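Numbering (my numbering), first residue to last: 38 to 230.
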Amino acid sequence: MTLEYDLFWSFRSPYSYLVTKRLVEFERDYDVKANVRPVYPIAVRIPGFFKQVNPMWPPYLLKDTVRIAQMEGLPYAWPSPDPIVMDLASGEVPEEQPYIRRLTRAGVLAAEQGKGLPFLYEISTVIFGGVKNWHEGDHLRDAAKRAGLDMDALDAQAEKETDRIEAVITANEAAQKAAGHWGVPLMVYEGEP
């Protein structure tokens, strides 16, 4: 009997990227399945988060994620561009978010097509793996193709079904909160985070 868990995951989280290879291996090696539930990052979900965060946290996050990437043998660099458009000095996050909304909506569609985890792995490897201008050219198309998906088709479907997909993301965020946590990656098994 396949054991299933909910995976709450964000395309802006370096920790989400850093665990995904292990989750892919976990599914490959055991009778386990991730129910991929993309959520928006805290910068979008929690207004003003970066205006209130301890100023020691961002530099520590960078140090910690570099360390984890080295231990895991993963390529790693902070994304260029950042999937979140924001003013780093003020912590202001505008409503218009072209990158993260596109990625998260595509992630929902990939999950609905049964290819959520491969999509997360391939796309996040491009975003956090040191590819400059990951949003341009064929970077995302090629990554989606490696996951068995067509990025152009995902984008077209997301454009047609924006309201429905946003409702799925909102439901994912509510389920994440109901599980008793806000951070990502979050794995919930039988109601236990």
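Glycine included, each C-beta is placed from N, C-alpha and C at the ideal position. Here the structure is a predicted model, which is why all the values come from computation and not from measurement.
Asked                                                                                                                     : Found
Pro75 versus Tyr67: straight-line alpha-carbon distance, rounded                                                          : 23 Å
Sequence-distant residues of the same chain with beta carbon closer than 8 Å to Asp189, five excluded per side            : Arg178
Cut-off 8 Å between Cβ atoms - residues of its own chain near Met38, not counting five sequence neighbours on either side : Asp68
is_contact[Lys152, chain B] using C-beta, thresh 7 Å                                                                      : Although the question refers to chain B, the structure presented lacks it and comprises just one protein chain.
Stretch-stretch touch, CB-based, cutoff 8 Å, three pairs: the segment 191 to 206 with the segment 133 to 143              : yes
From Leu125, Leu98, Leu146, Lys70, residue whose alpha carbon lies closest to that of Asp200                              : Leu146
DSSP beta-bridge partners of Asp189                                                                                       : Per DSSP, none; premise fails for Asp189.
Residue from Gln150, Asp175, Ile202 whose Cα sits closest to the Cα of Gly185                                             : Gln150
Alpha-carbon spacing of Ser161 relative to Glu227, whole angstroms                                                        : 27 Å
Extent of the continuous alpha helix (DSSP H) run through Pro75                                                           : Where Pro75 is concerned, there is no enclosing alpha helix (DSSP H), although the beta strand (DSSP E) it sits in stretches over 69 to 75.
Ala215 to Trp94 span [Cα, whole Å]                                                                                        : 25 Å
Completely contained beta strand (DSSP E) runs for the segment 39 to 99, where each covers 3 or more residues             : 40 to 46, 69 to 75
DSSP state of Glu109 mapped onto helix, strand, coil                                                                      : helix
Val168 (DSSP reduced to helix, strand or coil)                                                                            : coil
Start-to-end residues for the beta strand (DSSP E) that takes in Val225                                                   : 223 to 225
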